[in-house]
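To get our numbering, take the position in the sequence shown, counting from 1, and add 867. Yeah, the Cβ is synthetic: ideal placement off N, Cα and C, and Gly gets one too.
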Amino acid sequence: MPKEVAIIGVGITPFRARYLDKTYFELAYDATKLSLEDANKNGAQITHNDLQSTVYGIYNELFERQFMPDIFTNSYLGLNNKPGTRVATGGATGGYTVRMAYAEVASGISDLCLCIGLEKCNDCYDEQTGTTTPEVLNAIAYSADMTYEYPMGMMAASSYVSMVNAHFEEFGNPTEEEMALVSVKNHGNAMLNPKAQSPMKITVEDVMNSRIICYPFKMLDCCLYSEASAALILASEEKVKELGVENPIWITGVGAANTDCFIGNREDMGRLYSNIYAAKAAYKMAGLDYNNIKKQIDLAELHDAFRKNIN
């Protein structure tokens, strides 16, 4: 039987467009320090020396201008001679990182695991133009199929917009104005979060008037380049009891699934069926009824690289 797994500490740095004064591993240090402090507030009384393993979520090493950035982060955190594993799964990197860390503890390989995500997009800099945008977009573009799809113009925005347009062609909704409400809501909510990157009070008209990126995506529909780090400390039930942790957050279900990476091969351009499979796996593990899920879930957080995909 797998072990029960709890989150006992959380740390997150502010999200910014640029940290000129910090490297990617220094951001990871800040998030790790905050997560240890949070765990100790809950009674754990641990240091980095007590961590038995680490799982790093780093999507794109081109952002950091460093291949294998996880091993340099591991050394900077003082975790030499301990196992560290890197996860890189595009927009799902954060979720898969938690899943891998959960598996380490649930399997008994580790009783105290650091789960950390970090990214420093704007270190990806074009020295010739003196800007970040071309290089960041090129770095992301390498996530597409470079043999067939990239030469045809496949980029992050165009890959997502194809799903939106396919959905609209089939169902005739939502309208652009309805989709703009997501941006209005998200930026408005950011005003309540001191660590958010873009707190703004905007209107549907502001979104509609922002410049087109890839129709119907507009500037205010798209996510920003961000630099930040976030960390969780996961512990087994035995370790929670040993440390005397107060109010641990138990993980009851995890799920994941991959879709066909070749967009042209997907059975339906307007849907990502992998999301459904992943959700069903997590709900089943947690003992929840998929067909009655709205009454069983209080809060859902969705990947929103492009606002219209949330609709």
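- Beta-bridge annotation (DSSP): residue 993 is paired with 998.
- Contact fails between the stretch 1133-1149 and the stretch 1101-1117, because fewer than three Cβ pairs, one in each stretch, are under 8 Å apart.
- Residue ranges of uninterrupted beta strand (DSSP E) with 3 or more members, entirely inside the stretch 881-936 and ordered along the chain, are 920-924.
- A straight line joining the alpha-carbon of residue 941 with that of residue 1037 spans about 48 Å.
- Taking all protein chains in view, the Cβ of residue 1135 is surrounded by fewer than 16 other Cβ atoms within 10 Å, so the residue is classified as exposed.
- Restricting attention to 1083, 939 and 1030, the CA atom closest to the CA of residue 947 is found in 939.
- In summary, residue 1000 is exposed, with fewer than 16 beta-carbon neighbours lying within 10 Å of its beta-carbon over all protein chains present.
- Unbroken alpha helix (DSSP H) runs of no fewer than 4 residues, entirely contained in the stretch 1013-1074, are found at 1023-1038 and 1043-1057, following chain order.
- Under the DSSP assignment, residue 961 falls outside any beta strand (DSSP E), being part of the alpha helix (DSSP H) whose first and last residues are 960-973.
- One Cα belongs to residue 1059, the other to residue 1066, and the distance between them is close to 8 Å.
- Boundaries of the beta strand (DSSP E) harbouring residue 877: 872-879, taken from the DSSP string.
- The alpha-carbon separation between residue 1034 and residue 915 amounts to approximately 47 Å.
- Under DSSP, residue 952 forms a beta bridge with 922.
- Contact check for residue 1011 against residue 991 fails: the beta carbons are separated by 7 Å or more.
- By the 16-neighbour rule on beta-carbons within 10 angstroms, residue 967 is buried.
- By the 16-neighbour rule on beta-carbons within 10 angstroms, residue 944 is buried.
- Rounded to whole angstroms, the separation of the alpha carbons of residue 911 and residue 1114 is 11 Å.
- A distance below 7 Å separates the beta carbons of residue 1028 and residue 1081.
- Taken through DSSP and simplified to helix, strand or coil, residue 939 comes out as helix.
- Taking every protein chain shown into account, the CB of residue 953 has 16 or more other CB atoms within 10 angstroms, so this residue is buried.
- Residue 980 sits in a strand when the DSSP states are folded into three classes.
- Closest in alpha carbon position to residue 982, among 927, 896 and 1099, is 1099.
- Here DSSP, grouped into helix, strand and coil, assigns residue 1128 to coil.
- By the neighbour-count definition (other C-beta atoms within 10 Å, threshold 16), residue 926 is a buried residue.
- In the three-state reduction of the DSSP assignment, residue 1090 falls in the coil class, being assigned neither a helical nor a strand state.
- When the alpha-carbon of residue 1072 is set against those of 958, 1087 and 931, the nearest one is in 1087.
- The C-beta distance from residue 885 to residue 1095 rounds to 11 Å, too long to fall under 8 Å, and the pair is not in contact.
- Residue 891 places its beta carbon 7 Å or farther from that of residue 1003.
- Secondary structure at residue 985: strand, using DSSP grouped into helix, strand and coil.
- Under the DSSP assignment, residue 1160 falls outside any beta strand (DSSP E); it carries neither an H nor an E label.
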